[in-house]
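Remarks on the structure that follows.
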Amino acid sequence: MNEKKGGKSISKKKMAIIISLSVLAIIIVTVLFGYQYFKSKIYVAPSDEKVINTEENKYKEVEGITNVLLIGSDGRTLDELSRSDSIMIATLDNNNKEVRLTSIQRDTLVNVPEYGEQKINAAFALGGADLLMETISDTFKIKLDKYVIVNFWGFESIIDAIGGIEIDIKDYEIENVNEYIGDSTETKSEPITKPGLQKLNGAQALSYSRIRSVGNGSYERSERQSRVLNEVAKNLVKINPLKYPGIADKLSEHVKTNIEPLMALNYGYTIYKFPELKFEQLQIPQVELSSEENGYKDKGWVILIDKEQNAKVLNDFIFENKLPNAEDYDLIARDNIFATYRSDEKRYNSLYGIKPEEYLDTGKVVNDKDIQKTNTVDKAAEAETAKKEEARKIAEAEAIRKEEARKAEEAAARKAAEDAAAKKAAEDAAAKKAAQDAAAAKKAAEDAAAAAAAAAAAVKPQ
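Spelled out as structure tokens, the structure:
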């Protein structure tokens with residue numbers, strides 16, 4: 001970057017802000033690699049778009065508040081309509097000079113227009129970014145018309161291109177990371193064998209970002225994804241600029257947006273003009289205003305929410321720059337909403353989330369068919385757990401085998417090097433000895449010749 005601000009070049013800190021917060025994929029490509037490249041590779045123009053006058057392409061600050069929907073797709077290609085793996089709203093607030101990021105839990109139960117009650121991530125699979133924006137707008141009373149889709153299947157290649165990222169792996173995350181490697185990534189990779197801060201390659205980092213069954217469930221999963229994005233952003237500003245074109249080429253295959261390129265540049269410029277970094281994060285739904293349930297008859301685990309209160313929290317955060325306060329929540333209203341849902345037998349089946357003996361303790365009647373259904377679910381879960389444990393043991397054994405093989409190779413290499421050095425030393429010693437013997441023989445011959453000459457001279461007649 002050669003642009004100046006007040007006589008100073010753009011700092012790495014400012015560039016990191018632009019990369020990670022002003023729609024990561026767009027800003028990397030447009031600001032670092034140029035308008036024309038972005039225009040031809042990533043931008044999806046509306047059918048009625050007017051031709052842009054390139055003479056008017058000048059940076060300018062974006063006024064007010066701008067919201068962009070960030071969609072992480074778990075499809076293998078951008079054109080494949082799969083369920084969205086992550087859903088975030090990036091808010092560019094030029095009024096308060098800060099950027100805000102809202103993560104929406106993908107299992108949130110909402111009403112999808114024309115499809116009824118669904119998990120919110122199903123909206124993307126059913127109708128793409130437009131239907132997902134409409135669903136979020138209807139549920140949380142917020143207008144969305146800009147989106148960026150990032151295909152996570154290709155995201156691992158970006159991480160590999162920047163040399164990996166450092167992540168602090170918790171001991172309870174190891175098994176789940178290894179389970180996803182190769183299953184939900186493009187390539188196979190070495191399993192992770194120990195906890196702690198360590199460098200992850202693309203496949204490992206992508207697997208890490210998809211963990212959801214440990215810790216605080218979906219909420220901690222969103223934190224992992226944000227952590228991965230932040231580490232990618234920090235590493236991007238450290239790499240050699242000569243690598244930018246290669247990274248841009250990889251990124252362009254996995255990003256799609258309806259944001260006009262010049263506007264994307266303006267987003268980056270607006271953030272650059274902020275006097276200091278102000279960055280806030282929010283998760284929707286709020287833990288206190290939601291409940292994870294395994295009681296939906298045909299959708300498995302879902303997150304029930306108090307829509308009105310969560311919508312207020314979201315709008316206060318985005319438009320009023322107000323962080324939530326749990327003391328303001330109406331917990332009685334929340335409980336009434338959840339009770340209404342749980343009493344609807346057409347949707348909710350409590351047997352899906354409770355063991356037979358626990359159900360009997362409530363005093364309610366449960367028939368053999370219900371018990372058999374629940375036991376079948378339990379046995380399936382046990383079988384799945386056993387399968388995961390076996391896979392973990394196999395991965396661990398394979399890792400140990402490879403480590404032992406590596407050590408054996410290193411020992412063999414050291415032995416070969418030592419033998420070669422000893423052989424060379426012996427050869428050098430023999431060559432030196434031969435040279436010394438040859439020199440001694442030559443000296444002896446010369447001495448003998450001189451003695452013979454002297455003797456001959458002594459007996460020569462006068």
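Residue numbers for the sequence shown follow full-length UniProt numbering, beginning at 1 and rising by one. Don't be surprised by glycine CBs; every beta carbon is placed ideally from N, CA and C. Bear in mind the structure is a predicted one, so any value in this text is a computation, not a measurement.
Pair every Cβ in the region 253-266 with every Cβ in the region 147-167, then say whether three or more of these pairs are closer than 8 angstroms.
yes
Could you check whether LEU92 and GLY271 sit closer than 8 angstroms to each other, using their CB atoms as the reference points?
In the sequence under discussion, the amino acid at residue 271 is Ile, which differs from the Gly named in the question. Cβ distance < 8 angstroms, so ILE271 and LEU92 count as in contact.
For LEU197, which residues from the same chain have a beta carbon less than 7 angstroms from its beta carbon, with the 5 sequence-adjacent residues on both sides left out?
GLU166 and ASP168
Distance, Cα to Cα, VAL365 vs TYR115?
No answer about VAL365 holds up, because its pLDDT of 39 lies below 50 and its placement is not dependable.
Would you please state the rounded distance, in angstroms, between the beta carbons of THR102 and ILE284? I believe it to be under 8 angstroms.
6 angstroms
How long is the line joining the alpha carbons of ILE159 and LEU289, rounded to whole angstroms?
35 angstroms
Assuming contact is defined by CB atoms lying nearer than 8 angstroms, are LEU304 and LEU109 in contact in what I supplied?
yes
Relative to the C-alpha of MET133, which candidate in VAL99, LYS194, VAL177 and VAL68 has its C-alpha closest?
VAL68
According to DSSP, is ALA450 part of a helix, a strand, or is it coil?
helix
Report the three-state DSSP secondary structure of LYS424 (helix, strand or coil).
helix
Just the C-alpha distance for ILE174 and PRO195, rounded to the nearest angstrom, thanks.
7 angstroms
If the criterion is Cβ atoms closer than 8 angstroms, does the pair PRO191 and ASN176 meet it?
no
Exposed or buried, what is ALA203 when buried is set at 16 or more other beta-carbons lying within 10 Å of its beta-carbon?
buried
Quick check: TYR180 and SER207, are their CB atoms within less than 8 angstroms of each other?
yes
In angstroms, rounded to a whole number, what distance separates the CA positions of ARG334 and GLU292?
13 angstroms
Sort LYS119, ASN201 and GLN309 by Cα distance to GLU327 and report the nearest one.
GLN309
I need the straight-line Cα distance from ILE28 to VAL232, nearest angstrom please.
In this prediction, ILE28 has a pLDDT of 39, which is less than 50 and means its spatial position is unreliable; nothing more can be read from the coordinates.
Consult DSSP for GLY202 and reduce its assignment to one of helix, strand or coil.
helix
In the DSSP assignment, the alpha helix (DSSP H) including SER189 goes from what residue to what residue?
First-last for SER189: undefined, no H or E at that position.
Are ASP316 and LYS322 touching if we call contact CB-CB under 8 angstroms?
Contact: yes.
Counting only runs of 3+ residues fully inside the region 111-194, write out the beta strand (DSSP E) ranges in chain order.
116-119, 147-151 and 165-169
Can you give me the Cβ contacts of ALA421 inside the same chain, cut-off strictly under 8 angstroms, excluding the 5 residues immediately before and after it?
none
Excluding five sequence neighbours on each side, which residues of the same chain lie with their C-beta closer than 7 angstroms to the C-beta of LYS407?
none
With a floor of 4 residues, list each alpha helix (DSSP H) that falls wholly inside the region 256-333, ordered by position along the chain.
261-272 and 307-319
Quick check on GLN436: buried or exposed, where buried means 16 or more other Cβ atoms within 10 Å of its Cβ?
A residue is called buried when at least 16 other Cβ atoms come within 10 angstroms of its Cβ; GLN436 does not meet this threshold and is exposed.
Determine the extent of the beta strand (DSSP E) in which SER73 is found, giving its start and end residues.
65-73
If you draw a straight line from the C-alpha of ILE120 to the C-alpha of PRO324, how long is it?
22 angstroms
Taking the C-alpha atoms as reference points, what is the distance between ALA395 and SER209?
20 angstroms
Flag this pair as yes or no: are the beta carbons of ASN96 and GLU63 separated by less than 8 angstroms?
In this structure, ASN96 sits away from GLU63, with a CB-CB distance that is not shorter than 8 angstroms.
Does DSSP classify ASP107 as helix, strand or coil?
coil
Could you check if ILE87 is buried or exposed, using at least 16 other CB atoms within 10 Å of its CB as the buried criterion?
buried
State the beta-bridge partners of ALA90 as determined by DSSP.
VAL68 and LEU101
From GLU398 to LEU229, what does the alpha carbon distance come to, in whole angstroms?
30 angstroms
Roughly how many angstroms separate the alpha carbons of LEU131 and ALA122, rounded to a whole number?
One C-alpha to the other measures close to 10 angstroms.
Rounded to the nearest angstrom, what separates ALA413 and GLU223 at their Cα positions?
Those two C-alpha atoms are separated by around 44 angstroms.
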